[in-house]
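To start, the structure under review is shown below, and the notes come after it.
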Amino acid sequence: MNRLIPWVRSLLRHARAAGACAAWVPLVMHPLKDAPTHEMLRAALKEPDPVVRERALEALAFIRDPADAGAVRSMWTADLEATRQQAAKTAAVLGLPASPAQRAAELRVKPVVSAPPASAVATLRSTNLVTWLRGLRALDDAAARQHAAAVLASLARPEVAVQEEAVRAVQRGKIAAAIPELLKRLDDPDEGLRLASADALAAMFEDAPRADLTAAMVRRLELDPSGQVRRMAGLTLVAIHDAPSQGALMRLLRHERGMTRASAALATGAWGDAKLASELHALLEDREDLVARSAASALGQLRNPDSRAPVLAAFESRGPVVQEQAAWALGELKHTNATTVMTAKLTTPHETLKTAIVLALGKAGDKRALPSIRQVLVQITFDINLPRAREAAFTVLTDAGDKLAIPRAIQIVTLPVIPPPPGGGPSFDEPFVRIAALRYLAAVGDRATGNALVAAVKVPLPSEIRPAVAETLGKLLGGSFQPVPDETFRSYFVESVAPREHKPAPPLGVVAVP
5 MNRLIPWVRS LLRHARAAGA CAAWVPLVMH PLKDAPTHEM LRAALKEPDP
55 VVRERALEAL AFIRDPADAG AVRSMWTADL EATRQQAAKT AAVLGLPASP
105 AQRAAELRVK PVVSAPPASA VATLRSTNLV TWLRGLRALD DAAARQHAAA
155 VLASLARPEV AVQEEAVRAV QRGKIAAAIP ELLKRLDDPD EGLRLASADA
205 LAAMFEDAPR ADLTAAMVRR LELDPSGQVR RMAGLTLVAI HDAPSQGALM
255 RLLRHERGMT RASAALATGA WGDAKLASEL HALLEDREDL VARSAASALG
305 QLRNPDSRAP VLAAFESRGP VVQEQAAWAL GELKHTNATT VMTAKLTTPH
355 ETLKTAIVLA LGKAGDKRAL PSIRQVLVQI TFDINLPRAR EAAFTVLTDA
405 GDKLAIPRAI QIVTLPVIPP PPGGGPSFDE PFVRIAALRY LAAVGDRATG
455 NALVAAVKVP LPSEIRPAVA ETLGKLLGGS FQPVPDETFR SYFVESVAPR
505 EHKPAPPLGV VAVP
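Quick note on this note's numbering: the sequence shown kicks off at 5 and runs consecutively.
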């Protein structure tokens with residue numbers, strides 16, 4: 005390595021004497037296919053530093069000169085394993101055969117794997133558990149039906165993982181003969197097996213005995229501790245969609261277990277019958293927030309106008325957990341009379357609630373809410389930032405076509421708007437907020453907006469938002485713009501070892517493409 009330093013110094017003196025540069029500039033080096041660089045790399049193989057030798061081997065692999073074969077072979081017996089491995093990689097690139105010691109080492113690291121069985125039946129008869137699982141996963145719908153006997157035999161295996169994969173294969177092949185076994189596995193202690201069985205039964209509900217399937221799913225809703233299994237059981241009752249399943253859901257809405265009431269409420273919302281909304285109104289006053297939240301979500305799905313008053317009452321009286329879904333439901337119900345109540349809650353410090361309120365106000369379509377939504381873009385403090393609410397505000401203002409927030413959007417894109425921590429430098433808004441602001445400008449702005457955006461840029465824009473800047477300027481100013489990547493010494497490719505001038509990206513981070 006010490007011999008490289010005088011070489012670099014002489015190179016810099018030569019370049020400076022020729023007027024190539026007047027001051028020190030960053031040096032970017034990359035292996036070249038010329039004689040001086042080639043000799044320098046061969047000399048580096050004799051350096052005592054193993055890292056230098058390994059980097060030289062990497063460079064020689066890039067050059068791919070067969071004349072380096074002898075120098076590379078000399079590194080096969082290096083002291084460090086990392087150097088020997090790099091020498092083996094370079095030798096492989098040069099097309100050199102591996103030494104017996106290397107072949108033995110490869111066999112130790114990568115043992116020879118026997119060929120897989122020729123048929124799926126042979127795979128499913130393997131004594132290796134991993135092979136059995138892979139065989140089940142490889143069965144598509146036609147193969148699962150063809151080898152139904154082997155799949156059913158897998159259901160009798162004691163390993164839970166094999167049973168679960170067999171259930172998935174049954175579902176893909178729609179093997180109706182396995183339905184009795186699937187009904188039994190709904191009571192298995194393993195959650196994954198219960199979920200897979202419920203999913204398979206939901207996919208094959210037309211082939212299952214209707215009464216037995218309904219009773220089994222009601223039992224899951226009543227007793228199962230897993231929310232995923234209860235959700236799948238409720239969706240199965242929705243898929244059945246007959247009078248007994250509807251009656252079972254209505255009974256479960258009054259069940260003593262809170263988790264059961266919540267799951268039944270969600271299933272009622274998925275049922276899609278607006279006449280069932282009256283059955284959910286009482287749950288908005290349930291003692292458990294999870295139940296009231298699920299009821300509000302279901303009422304938003306059903307979109308019954310008679311639910312506006314109960315949902316608004318729940319929004320006013322319940323906590324943030326329920327208010328979030330109640331706000332979403334009011335937006336789905338397009339309840340414009342709730343605008344005043346919801347805008348008053350925009351001062352909340354809860355980001356998910358504030359975001360839900362902003363989106364609900366936009367969904368309702370009440371223009372009276374636009375001033376309050378524009379104010380969300382300004383409500384930024386050190387302890388209450390809430391960037392997701394600003395992103396939602398830009399989404400709503402874009403859909404509404406409101407142009408009054410254009411100056412604030414340009415500020416968010418170009419100026420520091422977040423109070424920095426004590427002693428910190430300028431702090432900008434989150435990249436996703438600035439991208440939302442750029443999309444808003446592209447949707448509602450014009451050429452004057454584009455010129456104002458270009459003039460407002462004082463600090464170079466980060467690379468994360470440059471594609472959005474290019475897209476926005478293309479729509480506002482016309483033409484085509486291309487983002488400019490940051491030039492770094494790790495990623496920039498230079499076919500020279502001479503000094504070069506560092507060219508920073510323009511402040512906008514984009515250039516016009518002719």
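Beta carbons are placed, not taken as given, at the ideal position from N, Cα and C, and that holds for glycine. Quick caveat: nothing in here was measured; it's all calculated off a predicted structure.
- Counting only runs of at least 4 residues, the stretch 366–418 fully encloses the following alpha helix (DSSP H) elements, listed from N- to C-terminal order: 374–380, 391–404 and 410–418.
- In the DSSP assignment, SER484 falls within the beta strand (DSSP E) that extends over 484–487.
- By the neighbour-count criterion, in which a residue is buried when 16 or more other Cβ atoms sit within 10 angstroms of its Cβ, ALA212 is buried.
- Assigned with DSSP and collapsed to three states, VAL514 falls in strand.
- Excluding residues up to 5 positions away in sequence, ALA48 lie with their Cβ nearer than 8 Å to the Cβ of ARG59 in the same chain.
- In the pairwise beta carbon analysis, the stretch 373–383 is classified as not touching the stretch 326–337: fewer than three pairs are separated by under 8 Å.
- THR272 and LEU253 have their C-alpha atoms some 7 Å from each other.
- Taken through DSSP and simplified to helix, strand or coil, ILE179 comes out as coil.
- By the Cβ neighbour-count rule, LEU227 is exposed, with fewer than 16 other Cβ atoms within 10 Å of its own.
- When the Cα atoms are used, ALA296 and ASP290 turn out to be separated by approximately 6 Å.
- Between ARG224 and LEU187, the gap from beta carbon to beta carbon reaches 8 Å or more.
- GLN175 places its beta carbon less than 8 Å from that of ALA207.
- A residue is called buried when at least 16 other Cβ atoms come within 10 angstroms of its Cβ; ALA409 meets this threshold and is buried.
- Collapsing the DSSP output to three states places SER431 in a strand.
- About 14 Å separates the beta carbon of LEU442 from that of VAL421, a gap too long to meet the 8 Å contact definition.
- For VAL315 against LEU288, the beta-carbon gap comes to about 7 Å, under 8 Å, which counts as contact.
- Distance from the Cα of GLU168 is smallest, within the candidate group GLN150, PRO193 and ALA96, for PRO193.
- Rounded to the nearest angstrom, the gap between the Cα atoms of THR81 and THR41 is 25 Å.
- Ranked by Cα distance from ARG438, the first of HIS259, ARG392, GLU292 and PRO426 is ARG392.
- Here GLY99 is exposed, its C-beta having fewer than 16 other C-beta atoms within 10 Å.
- Under the DSSP assignment, GLY273 falls in the alpha helix (DSSP H) whose first and last residues are 262–275.
- By the neighbour-count criterion, in which 16 or more other beta carbons inside 10 Å mark a residue as buried, ASP144 falls on the exposed side.
- The C-alpha of GLU51 is placed about 10 Å away from the C-alpha of LEU45.
- With contacts defined by Cβ atoms closer than 8 Å, SER301 and LEU270 form a contacting pair.
- In this model, LEU217 and LEU205 are separated by some 8 Å (Cα to Cα).
- According to the DSSP assignment, HIS42 belongs to the alpha helix (DSSP H) that extends over 39–48.
- Here the stretch 306–315 lies against the stretch 278–288, with 3 or more beta-carbon pairs under 8 Å apart.
- Partner residues in a beta bridge of ILE67, as assigned by DSSP, do not exist.
- ALA91 and ARG77 have their C-alpha atoms roughly 7 Å apart.
- By the neighbour-count definition (other C-beta atoms within 10 Å, threshold 16), ASP69 is an exposed residue.
- Around the beta carbon of GLN327, a 10 Å sphere encloses 16 or more other beta carbons of the protein chains shown; the residue is thus reported as buried.
- Sequence-distant Cβ neighbours of ALA274 in its own chain, meaning closer than 6 Å and more than five residues away, are VAL242.
- THR402 and TYR444 have their C-alpha atoms roughly 5 Å apart.
- Shown here for LEU84: same chain residues with a beta carbon closer than 6 Å to its own, the five before and five after excluded, namely PRO54 in chain order.
- CA-to-CA, the gap between PHE209 and ALA342 works out to about 42 Å.
- Note on geometry: alpha-carbon atoms of THR135 and GLU320 lie some 58 Å from one another.
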